[in-house]
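Mapped onto the numbering used here, the consecutive letters of the sequence shown carry residue numbers 53 to 223. No residue lacks a Cβ here, since even glycine has one placed at the ideal position from N, Cα and C. Since the model is a prediction, treat every value here as computed from it, not as a measurement. The structure appears below as structure tokens.
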Amino acid sequence: NIVDSNSHNMTHLDSCYKFFENADVVIDLAATADQYADWTEIYQNNFLATRNAFEASRMAGVKKFIFASSCSVYGAQDSVLNEESKTNPLSLYARTKIASERVLHDLSDEGFKPIFLRFGTVFGFSGRTRFDLVANLLTAHAFYNKRMTVFGKDQIRPFVHVDDAARSVVC
């Protein structure tokens, strides 16, 4: 039973519940990036809808709730990080991701706990490939222009291929 939460209004708890009635697992992958929306839309899509999906999942008897968070909750740091590392969200997107993690943690109990996956920047081919993401943009430049230009030699960013991200969700 797969539900595309982007096609439904998940910002109202009562409209969420019916989508999860027969589900064993809910995987919350939906989010809006900073460059595509204003503060209200990002808050509603990245925080409010996630909280409602979690609450509705619990009410519907869902067994597992997997939340696709982001490594952007760490901000810019110079060391190898893990789930115990200090967070330092710099963007509104990152702040809504860490706020969602915190509220889901606070709403959880022994019978229903979320699983957080802090993905790096996901890249790879899809039916709707985004060319504003650096790995896809560089690949497109290499293919069409036969060269890639990298700006900011000191920038680092963790990447994960969409296949690997999907495998981690399945695990």
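Residues in the same chain with beta-carbon distance under 8 Å from A194, minus the five sequence neighbours each way, listed in chain order, please. M200
Assigned exposure category for K198 - 16 Cβ within 10 Å defines buried: exposed
Would D80 pass as a contact of T102 if the rule is Cβ separation under 8 Å? yes
Check R154 in the structure and name its three-state DSSP category. helix
Hey, out of N104, S124, G172, F203, whose CA is closest to D220's CA? One detail in the question is off: residue 220 reads as Ser in this sequence, not Asp. If we check each option's Cα against that of S220, G172 comes out closest.
Those residues which DSSP pairs with T173 across a bridge: F211
For K70: DSSP bridge partner residues: Answer by DSSP bridge pairing: none, since K70 is not bridged.
Would F175 pass as a contact of L159 if the rule is Cβ separation under 8 Å? no
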